[in-house]
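See below for the structure under consideration.
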Amino acid sequence: MRFRNKILYISFLLLLSCKNADELSKILLKGDADYLEGSFSEFPMDMYRPAKLYVIGNKLIVFDDVKEELFKVFKIPTLDYCYSFGKKGGGPDEFHLLDKETINVGDDLEILYRNKLHHYYVTDSSFLKIKSDDKSHDLVLTSVNPINNFKCLKQSLYICNNDFNKNDEEFCLLDLKTKKETKFGRIDKKKNEVSIQDLDAYLSKSICTNESLQRFAAFYYHRPVFKIYNSNMQMLKTVEIEQDKTQFDPKVIYFTEPYATEKYIYVMWICKSKQAVERDIDAFRPEILVFNWDGELLRRIIVNKPIISFAVSEAYKEFYAVSFSEADINRIYKFKLPDMNSDNSMASSSISNDFYSIIPMGNYHFAREETVNATFEKDGYIMNIVNLASGELKKRGKYKSLGGISLTYYAPSDEKADLNKKMREIISIETAKRIDTLDIDKRSVIRVARSQSLKDYYGNVTQARYCDYIQKQTNKIIKFSIFMENGGDESIQFIPPLSQDIERMLSSLRLK
């Protein structure tokens, strides 16, 4: 009996360990991101959309694979330019088709080039090449070809992508001392639902590592998913950012540019197609999501520039970025890091009535509870109108230029109701200053900027300026009206970060 109990106890422990390993965590992005405005330093050389930025100690390294001089070195936090190193070519200290994902940074800079590791100290005046004690350890021999996402997990132990065409493992672990390679990370069964021509996109990813914890995180470019593994090839957690759209779309980019430190992972969150970004590059504002190495979301950051790559210095509590914009080709931007230890639930509570639920911006909430579910009938439609207010917190925050928000719900009470005709009535071009269409989760939302003269009870005339956001779902119509405080300029609703927050709010709408 005692032996049987021991077996049951061991089985229970094994069950617990299996349950904790490969843990799936789903995250819903809600609430407000920290909005940061940066300063820039301008330089006499062009840096046209550099491929990658790195921080080593008090140096910022810009990897600019478009230009002849590949590495540009700046001193931080002042961003004084020091020198450039590495030219394109086949000679000593020259590189041809160097991949940004085969560069590792630690106390020094390590470059994998033509299956050989090159090590450099980054000094104030030059890159100094480090002679290896055992050159055999610098030779990377593997059955994987080409080598992609070559990252250091700990001394002599490296991770890279496996050739998934040969087997069902995603990763290859390489020990440069023993020359042993191990394939691991079985590809999930969902790949069977993906067409052969889209399989590369489905598995494409960027990897970042933490040598002190001996962990790595793989962020998938075209899926809202990342995975955390340890050096024992055990998957610790899978994290999924919840999306309405669950079908794989190779055109949509979710994660890119992860940057790892000992404590945190910073990663850019796009959630758009390349075509959508390129339509208006200057309005593009990716978020930076900050996770700890247990996969918990700590912070969301939006900056005032369309950044393409960034690097973090936790020592100086700053991060540095370069921009997509044509006007910024010779600029580096600097931003202050928010405090990761301060309370930040990032939670903006969902509000709902009998007809829909929504996650509003900031601390907007129902202004009057007694009207939340009230209805009336007009012109063949059952209608519900509610107002959202935000209180004093809004006046001190980034929504201080906004007034109230009203939501109007239309449901036909007559089978003969013509929703398209009703849409035209609601759009009402007579008072429209500007009309355009937003594509939100494959739903068309018509945005109408308006300016109207309104007369109050005492006969005083004021100018109301606001934007309507009108959408049709199944056989219902919802109109959001977002008003400006004291007749302010409604055009700011077209500009990030406010436009992005409005789009997130519209995206969260769920009809009942």
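Heads up: the sequence shown runs through residues 1 to 512, numbered per the UniProt record's numbering. All residues carry an ideal CB built from backbone N, CA and C; glycine is no exception.
Nearest to residue i by alpha carbon, out of the options?
| i | options | result |
| --- | --- | --- |
| C172 | N373, C152 and I56 | C152 |
| R331 | I307, E68 and I351 | I307 |
| N363 | D489, V239 and I405 | I405 |
| Y266 | S273, K179 and F255 | F255 |
| E240 | A33, D501, R510 and L29 | L29 |
| C271 | D46, V62 and R285 | R285 |
| K442 | E278, E169 and S508 | S508 |
| K416 | V461, N475, L407 and M383 | N475 |
| F95 | T462, E68, Y121 and I351 | E68 |
| S499 | I477, G459, T437 and A321 | T437 |
| R114 | Q197, F150 and K129 | F150 |
| N384 | I477, Y466 and D414 | I477 |
| E193 | K166, Q247, K180 and N162 | Q247 |
| F63 | P44, F85 and P77 | F85 |
| A464 | Q452, Q471 and I470 | Q452 |
| E296 | N304, D282, D168 and K263 | K263 |
| L236 | A218, G90, D65 and D418 | A218 |
| N104 | L128, L53, P77 and D328 | L53 |
| A411 | S143, D188 and Q471 | Q471 |
| M45 | D439, D328, G91 and Q197 | D328 |
In chain order, what residues of the same chain lie with their CB nearer than 7 Å to the CB of residue i, ignoring the 5 residues before and after it?
| i | result |
| --- | --- |
| residue 531 | Within the shown structure, residues of the chain are numbered from 1 to 512, placing residue 531 beyond reach of any answer. |
| M505 | I358, I359, P360 and M361 |
| K154 | E211, Q214 and S231 |
| R299 | D34, V290, P338, M340 and N344 |
| K75 | N58, K59 and C82 |
| I440 | E503, L506 and S507 |
Taking 6 Å as the limit between beta carbons, can you name the residues of its chain near residue i, skipping five residues before and five after?
| i | result |
| --- | --- |
| E314 | T261 |
| L213 | W293 |
| residue 530 | Coverage of the chain is limited to positions 1 through 512, which leaves residue 530 absent and any answer about it impossible. |
| residue 544 | Residue numbering for the chain in the displayed model covers 1 to 512; residue 544 lies beyond these limits and cannot be assessed. |
| D66 | Reading off the sequence, residue 66 comes out as Val, not Asp. Same-chain partners within the cutoff: Y48. |
| K251 | S273 |
| S444 | T437 |
Take the Cβ of residue i as the centre, count every other Cβ of all protein chains shown within 10 Å, and call the residue buried at 16 or more, exposed below.
| i | result |
| --- | --- |
| E257 | buried |
| S323 | buried |
| E490 | buried |
| I61 | buried |
| residue 513 | Outside the shown range of the chain, which is 1 to 512, sits residue 513, and nothing can be said about it. |
| L511 | exposed |
| A347 | At A347, the pLDDT of 41 sits below 50, so the modelled position is not reliable and the matter cannot be decided from this model. |
| S390 | buried |
| Q473 | exposed |
| L70 | buried |
| T102 | buried |
| G403 | buried |
| S481 | buried |
| D32 | buried |
| R396 | Any answer about R396 is weak, because its pLDDT of 47 lies below 50 and its placement is not dependable; what the coordinates show is given next. Looking at its Cβ environment, which holds fewer than 16 other Cβ atoms inside 10 Å, R396 is exposed. |
| Y121 | exposed |
| K479 | buried |
| K183 | buried |
Quick check: the Cα distance between residue i and residue j, rounded to an integer number of angstroms?
| i | j | result |
| --- | --- | --- |
| K88 | L79 | 25 Å |
| Y202 | Y381 | 45 Å |
| C208 | Y48 | 24 Å |
| Q275 | D134 | 48 Å |
| F164 | D468 | 49 Å |
| K59 | E485 | 45 Å |
| Y35 | K305 | 11 Å |
| E37 | P496 | 12 Å |
| E242 | F226 | 12 Å |
| K166 | Y158 | 20 Å |
| I111 | H118 | 5 Å |
| D93 | I130 | 12 Å |
| K245 | V55 | 36 Å |
| I190 | L199 | The question names Ile, yet the displayed sequence has Lys at residue 190. C-alpha separation (whole angstroms): 11 Å. |
| S17 | V144 | Residue confidence for S17 is low, a pLDDT of 41 falling below 50, so the modelled location carries little weight; the figure read from the coordinates is stated next. Computed Cα separation, rounded: 32 Å. |
Using 8 Å for Cβ pairs, my map puts residue i next to residue j. What's the rounded Cβ distance?
| i | j | result |
| --- | --- | --- |
| I302 | S401 | Actually they do not touch by this definition, with Cβ atoms about 17 Å apart. |
| H137 | L109 | Going by Cβ atoms, the distance from H137 to L109 rounds to 17 Å, so no, they are not a contact pair. |
| T431 | R450 | 5 Å |
| M268 | I281 | Wrong, their Cβ atoms sit about 15 Å apart, outside the cutoff. |
| F335 | E318 | 7 Å |
| S325 | A51 | At roughly 17 Å, the Cβ-Cβ gap does not stay under 8 Å, so S325 and A51 are not in contact. |
To which residues of the same chain is residue i closer than 8 Å at the C-beta, ignoring the five residues directly before and after it?
| i | result |
| --- | --- |
| Y221 | A201, S204, K205, S206, I253, Y254, F255 and T256 |
| K116 | D138, L139 and V140 |
| E377 | M383 and S413 |
| residue 515 | Given that the chain is displayed from residue 1 to residue 512, the structure contains no residue 515 and the question cannot be resolved. |
| D168 | R186 and I187 |
| P224 | E240, I241, E242, Q243, Y254, F255 and C271 |
| G487 | T462, Q463, A464 and R465 |
Using a Cβ-Cβ distance under 7 Å, would residue i count as near chain B?
| i | result |
| --- | --- |
| E287 | Structure shown: chain B not included; a single protein chain is present. |
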